[in-house]
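Just so you know, the sequence shown maps onto residues 59 to 316 in the working numbering. From the three backbone atoms N, C-alpha and C, an ideal C-beta is built for every residue, glycine too. Note that this is a predicted model, so its numbers are computed, not measured. Heads up: the structure comes next, in structure tokens.
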Amino acid sequence: RLQAAKGTDEFNLKEIYLAATPANSQQVYANAKQILQEIQKGAQPFEYYARQFSEASTRAVGGDLGWIRAATLPGQLAEAATTMQVGQVAGPIEVSGGYSILYLTDKRQVLTADPRDAKLSLKQLTLRFPPNTNQAQASARAQAFAKATQELRGCGTVEKVAAGIGADVVDNDTVRIRDLPPQLQEVMLKLQVGESSPPFGSAEQGVRALVLCGRDEAAGGSVPNSEQIQGQLEQQRVNLRAQQKLRDLRRDAVVEYR
């Protein structure tokens, strides 16, 4: 079965589900949009809102659906999942009995080497601004930092360049792309060895750039051993029980709004 499914996409999803009836559908949809707007502001993680508002059985685990294939999702959710980027939130999505908000935390392919599992050797340059730096000074230094880092061609001169612009350097030798923030993952996937990422950060936290010094590509996918299969089967049983409970709750739910 694993060999037959090789190359199939799997999605690590979190969900907020709000039950609705024909009588209150518009109000529930408006509530879902408001929750989505709060999530997009980033003040609290998705899990916080799932525990607060979701009416699914996964509420207790922050809406976590685990690793799941599109074929096992309701059609509307499957369509959304296959078009989402890692780190993206989508919704409100109309589903049977209500509305869902989805958050794609990760994505992979069955038995296929994932570029996001590559391990990187990085040098991080950080430019910090003294407390009394005004906006014009910060902007000028940030522009000089951006120019210097984008002109880098290799890691051999990083320390010299950093000293010239007053930046600090930290070595990170075994960073998985998957462990980086979603926006940085996309940047690092496209970089060639010796190139630098665009600067990121703020005047308060400092401006940073990552220089790619080496890359160990992810190993090809292989059939898991018996212990790994047992663990996967147990996880599938847990997910199946959760999905069955979720269907029961959605079928029987009567939500009272005051």
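Would you kindly report the start and end of the unbroken beta strand (DSSP E) that includes residue i?
i: S179; result: 177–185
i: R236; result: Taken as a continuous stretch (DSSP letters only), R236 belongs to no beta strand (DSSP E), as it is neither H nor E.
i: Q167; result: 156–167
i: S260; result: 258–260
i: V269; result: 264–274
i: V150; result: What sits at residue 150 in the sequence shown is Pro, not Val. Looking at the DSSP string, the run of the beta strand (DSSP E) that includes P150 is 147–153.
Report all residues from its chain with a CB closer than 6 Å to the CB of residue i; omit the five preceding and five following residues, and keep chain order.
i: D172; result: R166, A276
i: A206; result: V219, I223
i: F187; result: A196, A261
i: M142; result: A148, L162
i: A200; result: V265
i: G259; result: V265, R266
i: L94; result: G149, I159
i: L249; result: L270
Am I right that residue i and residue j are in contact with their C-beta atoms under 8 Å? What's the rounded C-beta distance?
i: L180; j: L242; result: Not really, about 11 Å apart at Cβ, beyond 8 Å.
i: A196; j: A261; result: 5 Å
i: E113; j: L76; result: 6 Å
i: A90; j: P132; result: In fact, because the Cβ distance is near 16 Å, the residues do not count as touching under 8 Å.
i: L71; j: A139; result: 6 Å
i: V153; j: L135; result: 6 Å
i: A78; j: G155; result: 7 Å
Who are the Cβ neighbours of residue i in its own chain at under 8 Å, not counting the five residues just before and after it?
i: I97; result: F104, Y107, V147, I159, Y161
i: R273; result: A176, K177, L178, S179, V251
i: E68; result: W125, I126, R127, K165, R166, Q167, V168
i: F203; result: L183, L185, I223, A225, P257, V265, A267
i: E314; result: Any answer about E314 is weak, because its pLDDT of 47 lies below 50 and its placement is not dependable; what the coordinates show is given next. Once the five neighbours on either side are set aside, E314 has no close Cβ partner at all.
i: Q92; result: none
i: R309; result: Legend: pLDDT at R309 = 49, less than 50; position of this residue unreliable, no value from coordinates given.
i: E292; result: none
i: Q102; result: E96
Which first and last residues belong to the alpha helix (DSSP H) in which residue i is found?
i: L242; result: 240–248
i: A200; result: 193–208
i: V219; result: 216–223
Taking 7 Å as the cut-off, decide whether the C-beta atoms of residue i and residue j are in contact.
i: R266; j: Q182; result: yes
i: V219; j: V227; result: no
i: G145; j: I74; result: no
i: Y157; j: V86; result: yes
i: S254; j: V245; result: no
Given residue i, which residues of its chain have a CB within under 7 Å of its CB, disregarding the five upstream and five downstream residues?
i: D317; result: Given a span of 59 to 316 for the chain in the structure shown, any question on residue 317 remains unanswerable.
i: R174; result: I235, R236, Q243
i: R109; result: R117, G120
i: G212; result: G252
i: L210; result: V216, V219, S254, V269
i: D229; result: K181
At a cut-off of 6 Å, would you count residue i as near the ligand ADP, judging by its Cβ distance to the nearest heavy atom?
i: I97; result: Here there are no bound small molecules, and the ligand ADP is not part of this structure.
Taking 7 Å as the CB-CB cut-off, is residue i touching chain B?
i: N82; result: Given the protein chain composition of this structure (a single chain), no chain B is represented.
Which full runs of the alpha helix (DSSP H) of 4+ residues lie inside the stretch 75–138, going along the chain? 83–99, 104–111
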